[in-house]
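In the numbering used here, the protein residues as written are 8 to 301.
Every residue, glycine too, gets a C-beta built ideally from N, C-alpha and C.
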Amino acid sequence: MTAEDSNNSTPPAQDGTGTVRRVGRTVRKVLVAGAIAYGIVAGYMYLNQRNFVFVPTGELETPGAKGLETVTVETVSMQDGTNVTIWTSEGRENTPIVLYFHGNSSNLSTRHKRFAQVLDSGFGLYAPSYRGYPGSEGTPSEAAFIQDALEHFDRASATGRPVILHGESLGTGVATAVAEQRPDAGLLVLEAPYTALVDIASEQYPWLPVSVLMKDPMPTRERIRNVQSPILIVHGTEDRVIPVAHGERLYELAPEPKTLKIVEGVSHSGLWGNGLWEAVQDAYCTSKAEMRAC
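Quick look at the structure:
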């Protein structure tokens with residue numbers, strides 16, 4: 008073997024710089040792929056966010072089919088020409104009207120047992136179906152819901168009777184927005200409320216810039232500071248949809264007069280069956296003792 012052969016058989020030295028470059032290229036590819044995937048997911052969430060917030064389902068049945076013989080179905084044209092459905096019942100003379108804003112899922116007719124209890128107590132009822140929900144035209148949004156709700160309040164208030172604003176879950180943000188702008192409401196009832204829709208979304212999707220992406224933030228925590236009506240907040244300790252801390256925080260922010268009712272061991276949908284309506288009547292009658300309903 009010659010010296011030249013011996014030199015040729017020696018393995019080349021490892022190129023450390025080349026290895027670092029290869030690793031760097033791999034890392035960059037992974038980061039770029041991750042950024043693309045994140046952008047796709049964020050874009051999907053942004054474009055479809057209202058499908059997560061507003062979940063209208065089912066068919067709107069008639070009040071009669073639900074045993075509500077005194078309830079009338081009306082179609083009302085909103086300021087922008089959108090037609091929405093409302094259920095109304097006068098109740099007894101000299102009693103308040105409950106303006107009821109339901110939750111984000113299903114439809115108005117699934118709340119029939121609640122409405123029956125309201126009517127059995129002699130109170131009047133004004134229950135709108137949100138735009139975009141069964142029985143109503145239009146597309147759901149925070150701005151549209153609030154504008155419609157203000158119109159509904161004015162229609163109910165035109166009867167000359169006191170109006171109780173009752174918000175259920177999603178409806179708590181709508182009810183509070185109305186109470187902020189209509190200080191003559193008789194009572195604001197918040198059933199399992201949130202501090203803001205954007206807060207709920209931030210808790211559920213901490214990896215997204217929700218505050219930037221959210222189209223309908225519904226900042227109840229800001230609006231409740233300006234409410235002049237008496238406020239009743241009811242929340243369950245076992246609420247896994249909107250944690251009870253939201254109700255407690257709103258109570259801290261709310262001005263007097265206010266009442267907080269925390270129901271031990273009760274979930275998001277169990278409040279009505281655990282004394283909520285009785286609490287509403289007590290809260291109203293405390294502030295309006297001259298009403299015959301009390």
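Q) Quick one: what does DSSP say Lys222 is sitting in, helix, strand or coil? A) In the structure shown, Lys222 sits in coil (DSSP, three-state: anything other than H, G, I, E or B).
Q.
Report the CB separation of Ala182 from Ile104 in whole angstroms; it is logged as a contact under 8 angstroms.
A. That pair is no contact at about 14 angstroms.
**Q.** Inter-stretch contact (C-beta, 8 angstroms, three-pair minimum) for the region 138-152 and the region 259-271
**A.** Counting Cβ pairs under 8 angstroms, fewer than three are found: no touch.
Q: Assign Arg232 to one of two classes, buried (16 or more other C-beta atoms within 10 Å of its C-beta) or exposed (fewer than that).
A: Of the residues assessed, Arg232 falls on the exposed side of the cut-off, its CB having fewer than 16 other CB atoms within 10 angstroms.
Q.
Considering Cα atoms alone, identify which of Tyr201, Thr166, Arg28 is closest to Ile240.
A. That would be Tyr201, whose Cα lies nearest to the Cα of Ile240.
(Q) With distance defined between alpha-carbon atoms, name the residue in Ala72, Leu132, Val196, Gly88 nearest to Gly254. (A) Nearest of Ala72, Leu132, Val196, Gly88 to Gly254, Cα basis: Val196.
Q.
Nearest by alpha-carbon distance to Tyr107: which of Arg99, Ile93, Glu100 is it?
A. Ranking Arg99, Ile93, Glu100 by Cα distance to Tyr107 puts Ile93 first.
Q | CB contact flag (Lys198, Leu267, <8 angstroms) | A | Looking at the sequence itself, residue 198 is Glu, so the reference to Lys does not match. Annotated as distal: Glu198 and Leu267, with beta-carbon spacing of 8 angstroms or more.
Q: Go to Gly243, then tell me how far its beta strand (DSSP E) extends in each direction, as first and last residue.
A: Run containing Gly243: 238-243, per the beta strand (DSSP E) assignment.
Q) Does DSSP classify Leu115 as helix, strand or coil? A) Here Leu115 sits in helix by DSSP.
Q) To which residues does DSSP link Gly131 through a beta bridge? A) Bridge partners of Gly131 according to DSSP: Ile104.
Q) Helix, strand or coil: how does DSSP classify Leu215 here? A) Three-state result, Leu215: coil.
Q. So what's Glu66 in DSSP terms, helix, strand or just coil?
A. Three-state DSSP puts Glu66 in coil, outside helix and strand.
Q. To which residues does DSSP link Val196 through a beta bridge?
A. In the DSSP assignment, Val196 is bridged to His173, Leu239.
Q.
Could you check whether Gly243 and Val287 sit closer than 8 angstroms to each other, using their CB atoms as the reference points?
A. At least 8 angstroms separates the beta-carbon of Val287 from that of Gly243.
(Q) I'd like to know whether the C-beta atoms of Thr102 and Phe59 end up nearer to each other than 8 angstroms. (A) With respect to Phe59, Thr102 sits apart: the two C-beta atoms are not nearer than 8 angstroms.
Q) Does the distance from the CB of Leu75 to the CB of Asn114 come in under 8 angstroms? A) Contact: no.
Q) How long is the line joining the alpha carbons of Glu81 and Gly71, rounded to whole angstroms? A) Roughly 14 angstroms separates the two Cα atoms.
Q.
Check whether the region 210-225 and the region 43-63 touch, using three or more Cβ-Cβ pairs below 8 angstroms as the test.
A. Counting Cβ pairs under 8 angstroms, three or more are found: they touch.
Q: Have a look at Arg228 and Arg28 and give me their C-alpha separation to the nearest angstrom.
A: Rounded to whole angstroms, Arg228 to Arg28 spans 52 angstroms at the Cα level.
Q) Relative to the alpha-carbon of His173, which residue among His109, Leu126, Gly41 has its alpha-carbon at the smallest distance? A) Cα-wise, what sits closest to His173 is His109.
Q: Would you identify the three-state DSSP class for Leu75, choosing helix, strand or coil?
A: It is coil, neither helix nor strand.
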